[in-house]
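Residue numbers (the numbering used here): 313 to 610.
Here is the structure we will look at.
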Amino acid sequence: MYISEKVKKAKPTISFEIFPPKKDGSLDTIYSTLDELKGLHPDFISVTYGAGGSTRGTTVEISSKVQNHYKLPALAHLTCLTSEKSEIDGVLDRLEENGVKNILALRGDAPQNSCLDFSNEFRYEHSTDLIRHIKDRGGFCIGAACYPEKHSESKNVWDDIVHLREKVDCGADFLITQLFFDNEIFYKFMEKSKSMGIDVPVIAGILPVVNKKQIDRIVSLTGCTFPKKFTRIIERYEHKPEALKEAGIAYATEQIIDLLSWGVDGVHIYTMNKSQETINILKSISTIRNVLGEVEAS
Ligand code: FAD
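Here it is as structure tokens:
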């Protein structure tokens, strides 16, 4: 099923992100995580794509398994910056053959010290190029990334939203946000996006932070803001892993409850290939999820 249709029917959607294991890693861990996540009845599962290349093949393999074995809509991520058109078409062919109908079309990031030549007609410079290509080809529901705190290369939030509007105009059917820890920033971003005529569903990406190592990585990857009450948790429990985990899950749960009350189109949990945190969160919101399901159905 197309995710854009799913959001219309089952808003707010609850979905999860997983990533392929590193080169030579076993797929079994992913499948045992999926065995557990399936019981939570997610609306879809997304599978990331390694821009560096080493795990690219497994994205198609895992997405196909999600779709055909687990019988859940799969959202396959696909990046374009470091791929040639023939490679991209190869991935699209394989996804199509395996019944995967949803793609998150991304630019990806260049490996450090690379100097890509975009004058080469076989390359794509922006996600908009990839979105256009998939739209022309047809047969897929297309998602794109958005950044409540702007993409690091954008001059400011407005500049970023201008390009976001372009992604939607090119054919993006829905958007998934970069992770954020301050819902107010997301709500302001939504206001700005609406004022720029962006009217496709926007699914909020939430990461339950459960260890200190994640924090430094998040800062370097996303540059996102940590609200005071979040930094207090980190400072207080950084050397007490179990306490930090408990508090991190509680923080993400509170964020999700607020988003659902606000009327968000969907919540996408970055699972980091672990099921327990997500199981705990969904247990805490099970009644809310049922109530919202009844409200939407009536
Ligand atoms: P773009 O949309 O191309 O945007 C990049 C920058 O260019 C922005 O500043 C934007 O404002 C600007 N821009 C956009 N279009 C144009 C245009 N037409 N002309 C001029 N400027 C433009 N990375 C992976 O490698 N694999 C993944 O699986 C993956 N999954 C992700 C999932 C989500 C939900 C998110 C939020 C990010 C994900 N990423 C992934 C990271 C992503 O690849 C990086 O953030 C990357 O730097 C930008 O990708 P993009 O698709 O947003 O790029």
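Glycine included, every Cβ here is placed at the ideal spot set by N, Cα and C.
Keep in mind the model is a prediction, meaning the values are calculated, not measured.
Discussion item. I believe residue 491 touches residue 509 by the beta-carbon criterion, under 8 Å. Please report the beta-carbon distance rounded to the nearest angstrom.
Written reply: Not quite, the Cβ-Cβ distance comes to about 25 Å (not below 8 Å), so this is no contact.
Worksheet item: Quick one, are the C-beta atoms of residue 299 and residue 420 less than 7 Å apart?
Response: Nothing about residue 299 can be reported from this structure: the residues present for the chain run from 313 to 610 only.
Worksheet item: Residues bridged to residue 488 by DSSP?
Response: According to the DSSP secondary-structure assignment, residue 488 is paired through a beta bridge with 457 and 515.
Practice prompt. Could you name the residues of the same chain whose beta carbon sits closer than 7 Å to that of residue 464, not counting the 5 residues immediately before and after it, in chain order?
Written response: So the qualifying residues of the chain are 535.
Item to complete: Could you name the residues of the same chain whose beta carbon sits closer than 8 Å to that of residue 537, not counting the 5 residues immediately before and after it, in chain order?
Response: The answer, listed in chain order, is 461, 492, 493, 494 and 497.
Discussion item. Any residue with its C-beta under 5 Å from a non-hydrogen atom of the ligand FAD counts. Can you list them all in chain order?
Written reply: Here the residues close to the ligand FAD, judged by CB distance below 5 Å to any of its heavy atoms, are 360, 361, 363, 389, 391, 418, 419, 420, 421, 438, 439, 440, 457, 463, 465, 466, 472, 475, 488 and 490 in chain order.
Worksheet entry | Beta-carbon separation (whole angstroms), residue 486 vs residue 316, contact threshold 8 Å | Sure, about 5 Å apart at Cβ, within 8 Å.
Worksheet item: How about residue 420: is its C-beta nearer than 7 Å to some C-beta of chain C?
Response: Within the model displayed, chain C is absent; a lone protein chain is all it includes.
Practice prompt. For residue 495, name the three-state secondary structure that DSSP assigns.
Written response: Residue state for residue 495 is assigned as helix, using DSSP reduced to three classes.
Item to complete: Compare the Cα-Cα distances from residue 412 to each of 396, 525 and 380 and report the closest residue.
Response: It is 380.
Practice prompt. Could you check the C-alpha separation between residue 602 and residue 515 for me, to the nearest Å?
Written response: Distance between residue 602 and residue 515, taken at the CA atoms: about 19 Å.
Worksheet item: Ends of the beta strand (DSSP E) at residue 417?
Response: Annotation for residue 417: the continuous beta strand (DSSP E) segment containing it runs 414-418.
Fill in: Three-way DSSP call (helix, strand, coil) for residue 331 in this model
Coil at residue 331, not helix or strand.
Worksheet item: Are three or more beta carbon pairs between the stretch 573-585 and the stretch 517-526 nearer than 8 Å?
Response: Taking 8 Å as the limit for Cβ pairs, the verdict is that the stretch 517-526 does touch the stretch 573-585.
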